[in-house]
Amino acid sequence: MDDATGEPATAPSPQDDVRDGLLPVLRQRWSPREFDDQHVLDPGQVDLLLEAARWAPSAGNSQPWAFRPALRDAPDWRGIVDCLAGSSRPWARQASLLVVNLSHVYVEGTDWQFSEFSVYDLGQAVAHMTIQAHSMGLACRQFRAFDLEALTRLLDVPPHWQITTITAIGVPAPAAQRDRGTSVRAPSITWPRE
Ligand SMILES: Cc1cc2nc3c(=O)[nH]c(=O)nc-3n(C[C@H](O)[C@H](O)[C@H](O)COP(=O)(O)O)c2cc1C
């Protein structure tokens with residue numbers, strides 16, 4: 108981290124001038140792999156995170172998302188942790204909150220697609236929640252490293268819904284460091300200029 112700005116330290120690049128104009132929350136967001144396992148979120152903060160997702164745009168305002176939050180050590184939490192892969196369990200279990208992110212894929216009782224954009228819209232809603240979390244001094248790591256079938260059974264997910272990802276949310280542990288390479292971004296997006 109850069110001590111002066113609190114942002115991830117990155118090598119200078121020609122895009123730096125442009126990056127300076129980003130919202131601070133976008134510049135400073137990163138996905139930790141170590142959380143403070145003593146930090147506790149209160150239910151009001153969970154409500155606020157879910158509310159941020161709720162106000163995301165979606166195709167035809169279809170809102171094809173659902174969220175199953177579990178605070179660390181709450182009754183649902185242990186079962187979710189047991190479904191995590193070995194690569195995610197060590198840090199995800201430290202997080203104050205796990206949110207299982209679901210997309211509405213079929214019209215109930217049919218094989219008709221609910222919306223062409225269900226997963227796309229879920230991603231936007233999770234992005235809203237992520238940015239809200241970072242603006243509250245929290246950090247998030249979204250992940251797919253879990254046993255999908257086991258988690259689907261555990262949460263009794265109906266067949267027209269699909270678990271897509273989980274978000275681990277909490278306060279980064281003091282020693283948490285950004286993964287090597289994740290501050291690297293593909294070259295800036297080009298577009299035809301006059
Ligand atoms: C859909 C999705 C799935 C992801 N799955 C995993 C995962 O299974 N394990 C993991 O450690 N990180 C996972 N990540 C986190 C990304 O690796 C991380 O966001 C990326 O490396 C960029 O780093 P940054 O978020 O710190 O900028 C996932 C992120 C997204 C959006």
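With my numbering applied, the sequence shown covers 108 to 301. No residue lacks a Cβ here, since even glycine has one placed at the ideal position from N, Cα and C. Just so you know, these numbers come straight off a predicted model, no measurement behind them.
Exercise. Looking only at C-alpha atoms, which of F253, R285, W172 and M236 sits nearest to V153?
Worked result: Looking at F253, R285, W172 and M236, the one whose alpha-carbon comes closest to that of V153 is M236.
Exercise. Going by other Cβ atoms of all chains shown within 10 Å of its Cβ, with 16 needed for buried, is Q201 buried or exposed?
Worked result: Under this definition Q201 is a buried residue.
Problem set entry | Assigned exposure category for A252 - 16 Cβ within 10 Å defines buried | A252 should be labelled exposed.
Exercise. S138 and R248: beta carbons closer than 8 Å?
Worked result: In this structure, R248 lies closer than 8 Å to S138 by Cβ.
Problem set entry | Minimum length 4: unbroken alpha helix (DSSP H) runs contained in the segment 187 to 242 | Every alpha helix (DSSP H) stretch that sits fully inside the segment 187 to 242 and reaches 4 residues is listed by chain position as 196 to 199 and 225 to 242.
For this session: Leaving out five residues on either side along the sequence, give the residues of the same chain with a beta carbon under 6 Å from the beta carbon of W184.
Result: Only A177 meet the Cβ criterion.
Exercise. Just to confirm, does A240 get its C-beta within under 7 Å of one of the non-hydrogen atoms of ligand 1?
Worked result: With a threshold of 7 Å, the Cβ atom of A240 does not count as near ligand 1, since no heavy atom of the ligand is closer than that.
Exercise. Using 8 Å as the threshold, is the segment 154 to 169 in touch with the segment 281 to 297, meaning 3 or more CB pairs across them?
Worked result: Inter-segment contact for the segment 154 to 169 and the segment 281 to 297 is absent: fewer than three beta-carbon pairs are separated by less than 8 Å.
Exercise. In terms of alpha-carbon separation, which member of L262, S194, G193 and L204 lies closest to L245?
Worked result: Out of L262, S194, G193 and L204, L204 has the C-alpha closest to the C-alpha of L245.
Exercise. At a cut-off of 7 Å, is W137 close to ligand 1 when judged by its beta-carbon and the heavy atoms of the ligand?
Worked result: Checking every heavy atom of ligand 1 against the Cβ of W137, one is found closer than 7 Å.
For this session: Rank E301, I276 and W298 by C-alpha distance to the C-alpha of V147 and give the top, closest one.
Result: Checking every option, the nearest Cα to that of V147 belongs to I276.
Problem set entry | DSSP three-state assignment for L258, whether helix, strand or coil | In this structure, DSSP gives L258 a helical state, which the three-state scheme calls helix.
Exercise. With 16 as the cutoff for other CB atoms within 10 Å, does T297 come out buried or exposed?
Worked result: Classification for T297: exposed.
Problem set entry | Between the CA atoms of S210 and W219 - distance to the nearest angstrom | Answer to the nearest angstrom: the Cα atoms are 14 Å apart.
Problem set entry | Beta-bridge pairing of Q249 - partner residues as DSSP gives them | For Q249, DSSP records a beta bridge to T274.
For this session: Alpha carbon to alpha carbon, how far is E301 from V264? Give it in angstroms, no decimals.
Result: When rounded, the distance between both Cα atoms is 52 Å.
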